[in-house]
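Protein chains in written order, with this note's numbering: chain A, 9 to 459; chain B, 4 to 438.
Just so it is clear, CB atoms sit at the ideal spot from N, CA and C, and this is done for glycine as well.
Encoded as structure tokens, the structure appears first; notes follow it.
As structure tokens, this is what we get:
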């Protein structure tokens, strides 16, 4: 059973444990399925810094070449950079070898279309169908493409970010920055990226290509305790921690406190929206009200989408939103690309500090303090859906776009079945004194419903 | 369906040898040799691009370190494996097959093809399908190998001081590029004019060394006033000679010429297969050494060379092995020997080749569906009482005349090869019976 659970073929890509559920045999079939979808042309291939990336990438090359598609090797690259590269260079698609924030024994594939965007749900389902049917493209002629190489794909990404910030004012500040790429792709790009902005850069957990990640790869406060301690000693202006493929970010303030994904997004939006001053932003239904506070301040409307980056991006495109994101850190700014991006987030946060001439803690102190609780209750997939429909009767006013979101004056909660685990996820936010009891009551209610 | 799995190569057309299959072969081979350091190379066929990438991925995923030499003829990695203690090797080459074919040739830690028994073990493992799949921290590593390549060509260097610089034309059958030819001309101190050299997807030619495919080479030899020419197949495991007048010498004479040159200096029995001209027997007789025959194919010939501890082996298809040097069919060692031989007494190629009568050999093929091959072989075999059974057919000898009827190792067909005045009629009769 363990093996079956550790292979996840979903709309956001494929993930598994190397040697157990991810191995050349299934990687080649997934690649051939993607090639069958793409049909022809050139496809960029990148990997994050995992040691298992190289054989998986070679497998991807083989599957593409056999299908007559030219692989463009972009080497180790952040996930957002690959999407941008595909779009700007007018390639036919892209494949990223990464397991995102999962630990080092994992790896997987993410697919992007010719616009550099993750596959839309129906395309992803189409890919999975082709994968299961094994009806792949076959070579018709004895002519096969060679692998092309591109060592400079990150520079396109970098240039796009520099265009949306005030480089000179950031440079004047000579920020002292600590960066923690967690042994991920950031280790290859962070220093140059930030030094261009005049920062004095120090790095921690920046070993390139190690077997093991130096810390747990998800950039959450509890995984960043060593980074916090390190920061306290160094008189830094700010700290940045990324996940292995460089799309998520968590800020550490000048005291070394990791502020979490919600406030990281809020801080980035604070500066970016203050320049834009109109339009809409999109966040998911589980995102903090802090975002709404920031948006209101600059006259921006907040629209809520179902959970998941592809959903946020789909809403953003439909609405022509100026920015978006999720509470797990990393901002999406269409002017750069429709992809969650730690590099954009770093630059925008530095821009905010420079322009308002404020320390990061001062900016965050202006924001309302809520308490957020995230919990889960074990339920089978069908059980979880049954609970949701019962709850819908109880809360007829609720937003039912993705599970159930209930908004009250002083608090809100969002309950939805997980896509990856047999659980019901609950996210709630409110005042420090009250929200704990609200969640406790909710849990009791749900457990009773389940009996 | 033309896939054929044997120790002579795991062979198929470009659309049959899929990445999926290559990955499984690689897993099985890495599991078979229990990880370790594996050398690989390929010829310049277009399908090599997806085969080599899948091969590397599969080998490393089962825990082997991969030393990739890129486009390189098989005999060179065979020599490297033997001399630098690697654990095995894989060459991606279609050898003498047309360009739409390719194959994986598996090499053991001696740099020779898997023996018959090793092959049994390997294919059992492959069919069993239970391969070693390593976790993230036990995966093999990749190395772009260059090391030892110069050592190989150093071994080919001659001690003799050359007088006049000899000039030859080399036809590489588009199997590899001119880097190898540069190395070779430097180490042998000769001028080489390469033709059909390098990767070309448009200019493809049939890579079997035979008289027909040597016509262009012969013309270039004449026009350039060279001292001779060499036609190699796409992995340099077979070779045919053209003399200084542009006359094509049959590939059946490659082994007799080689044996004759070696035997002048050192004594050694000779191993060849049942399907090779008896001209080599006459060479053996002249020098008082024995000629042994075995099943057709590099694995069998080299296996016997090693078992009876002799130096010389080869086949009528134009291949030679010289065991003090390596355990692979190696055309470069042939070129070295012939260059040294010519220099020693200021000879010409024709002065050697004219010692030999052109072989009176007949080669025919009969295409049959796979399920009819062995039945048909048995039916024909029953007509002969004095036959020698082979792994893939049988052999009949009558004085100087002989006949070898066997299943092809590569294509679904029966090969009939014979030598002697009356054999042509006999082969026509068999062909009629089979069709």
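Do residue j and residue i count as a contact pair if the criterion is CB distance below 8 Å?
i              : j              : result
residue 346(A) : residue 325(A) : yes
residue 157(B) : residue 194(B) : no
residue 292(B) : residue 271(B) : yes
residue 358(A) : residue 178(A) : yes
residue 108(B) : residue 94(B)  : yes
residue 195(A) : residue 82(A)  : no
residue 254(B) : residue 212(B) : yes
residue 253(A) : residue 63(A)  : no
residue 385(A) : residue 451(A) : yes
residue 15(A)  : residue 49(A)  : no
residue 41(B)  : residue 92(B)  : yes
residue 310(A) : residue 303(A) : yes
residue 294(A) : residue 435(A) : yes
residue 353(B) : residue 250(B) : yes
residue 117(A) : residue 60(B)  : no
Mind checking if residue i is an interface residue toward chain A, Cβ cutoff 8 Å exclusive?
i              : result
residue 23(B)  : yes
residue 106(B) : no
residue 60(B)  : yes
residue 96(B)  : no
residue 103(B) : yes
residue 410(B) : no
residue 33(B)  : no
residue 40(B)  : no
residue 273(B) : no
residue 50(B)  : yes
residue 179(B) : no
When DSSP builds the beta bridges, which residues end up paired with residue i?
i              : result
residue 405(B) : 400(B) and 422(B)
residue 149(B) : In the DSSP output, where bridge partners are listed per residue, residue 149(B) has none listed.
residue 119(A) : 103(A)
residue 380(A) : 437(A)
residue 141(A) : DSSP lists no partner for residue 141(A).
residue 99(B)  : Answer is none; residue 99(B) lacks a bridge partner.
residue 16(B)  : 104(B)
residue 81(A)  : 53(A) and 157(A)
residue 27(A)  : According to DSSP, residue 27(A) bridges with nothing at all.
residue 386(A) : 431(A)
residue 70(B)  : 42(B) and 146(B)
residue 7(A)   : For chain A, the structure presents residues 9 to 459; residue 7(A) sits outside this window and is missing.
residue 416(B) : 370(B)
residue 295(B) : 274(B)
Do we get a CB-CB distance below 8 Å when we pair residue i with the residues of chain B?
i              : result
residue 10(A)  : The predicted model places residue 10(A) with a pLDDT of 45, which falls under 50 and marks its position as unreliable; any figure quoted below should be read in that light. By this cut-off, residue 10(A) is not an interface position.
residue 151(A) : yes
residue 67(A)  : yes
residue 83(A)  : no
residue 141(A) : no
residue 203(A) : no
residue 73(A)  : yes
residue 58(A)  : yes
residue 48(A)  : no
residue 112(A) : yes
Apart from the five residues just before and just after residue i, which ones in its own chain have a Cβ nearer than 8 Å to its Cβ?
i              : result
residue 121(B) : 10 and 111
residue 9(A)   : Interpretation of residue 9(A) is limited by its pLDDT of 38, a score under 50 that renders its predicted location unreliable; the figure taken from the coordinates is listed afterwards. Nothing meets the Cβ criterion.
residue 428(A) : 16 and 18
Less than 6 Å between C-beta atoms, sequence neighbours within five positions excluded: which residues of the same chain meet that for residue i?
i              : result
residue 268(A) : 229
residue 355(A) : 169 and 173
residue 368(B) : 416 and 418
residue 125(A) : 346
residue 407(A) : 413
residue 55(B)  : 45 and 95
Leaving aside the five residues before and after residue i along the sequence, list all residues of the same chain whose C-beta is less than 7 Å from its C-beta, in chain order.
i              : result
residue 234(A) : 223
Examine the Cβ distances between the region 232 to 247 of chain B and the region 268 to 283 of chain B and report whether three or more of them are shorter than 8 Å.
no
Taking a cut of 9 Å between CB atoms, which residues from the region 17 to 42 of chain A lie near chain D?
Annotation note: the requested chain D is absent from the structure, which comprises protein chains A and B.
Report yes or no: do the region 66 to 82 of chain A and the region 21 to 30 of chain B share at least 3 C-beta pairs separated by less than 8 Å?
yes
Check whether the region 261 to 277 of chain B and the region 130 to 150 of chain B touch, using three or more Cβ-Cβ pairs below 8 Å as the test.
no
Any contact of the region 41 to 57 of chain A with the region 97 to 117 of chain A, i.e. 3+ C-beta pairs under 8 Å?
yes
For the pair the region 373 to 380 of chain A and the region 257 to 267 of chain A, tell me if three or more CB-CB distances fall below 8 Å.
no
Does the pairing of the region 179 to 189 of chain B with the region 363 to 380 of chain B give three or more beta-carbon distances under 8 Å?
no
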